[in-house]
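Under UniProt numbering, the very last position in the sequence shown is 149; numbers go up by exactly one each time.
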Amino acid sequence: MAGKPADLRDVHIGSLIEERRLRAGLSREALATPLDVSLSQLGKYLKGANRLSATDLDVVARVLGVPVGFFFEGMPGRDQLSPGLSDRPQARLETQAGWTDFAEAVARAADTHLDEERRQSLGSLVRAIDHALSGQHLFDKPDAFGPSD
């Protein structure tokens with residue numbers, strides 16, 4: 001018995017894989033080899049004509065250096081379903097006026113990939129780094145250990 005037929009979600013995943021493959025400068029052969037599939041089969045995955053297994057999607061994510069969840073961002077039709085337990089809304093890191101591009105990029109990545117507790121911890125660290133990069137001083141007390149030079 002064959003698996004479920006491919007649909008718009010498979011097209012979405014395939015296009016993201018192809019986009020990341022090109023951005024990484026990988027050949028199709030470099031992606032097909034760890035999957036142990038032909039170039040023809042890889043092409044079907046990339047077009048969304050065939051569905052990737054969870055195992056193969058994990059392999060692709062590792063080769064491309066992205067979390068598996070990356071392929072589900074912006075997934076068509078996800079908003080139409082009732083939220084599951086893992087889809088509960090989570091507080092985002094609030095971008096503060098004057099943040100550097102570094103801080104905003106980290107905040108966006110954290111919102112996508114981390115749970116609320118880790119996001120808040122990372123947010124505190126990013127704010128401290130951002131202030132340091134922008135020349136602002138976070139602490140009024142002088143360093144008791146002297147200069148770090």
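C-beta atoms are modelled at their ideal positions from N, C-alpha and C, and glycine is treated no differently.
From a predicted model like this one, the values you see are computed outputs, not experimental measurements.
Check your understanding: Excluding five sequence neighbours on each side, which residues of the same chain lie with their C-beta closer than 8 Å to the C-beta of Leu57?
Key -> Ile13, Val68 and Phe71
Practice item. Could you please give the first and the last residue of the uninterrupted alpha helix (DSSP H) stretch that includes Gly14? Key: Leu8 to Ala24
Check your understanding: How would you call Arg119, buried or exposed, if buried means at least 16 neighbouring beta carbons within 10 angstroms?
Key -> By the 10 Å Cβ count, Arg119 comes out buried.
Review point. Closest to Asp10 by CA distance: which of Val126, Lys44, Arg108 and Leu125 is it?
Key: Lys44
Exercise for review: Enumerate in chain order the residues of its own chain whose CB-to-CB distance from Leu42 is below 8 Å, with the five nearest sequence positions on each side excluded.
Suggested key: Arg28, Leu31, Ala32 and Leu35
Review point. From which residue to which residue does the alpha helix (DSSP H) around Asp58 run?
Key: Ala54 to Leu64
**Study point:** Integer-rounded CB distance, given that Leu125 should sit under 8 Å from Leu114
**Key:** Not a contact, Cβ separation roughly 12 Å.
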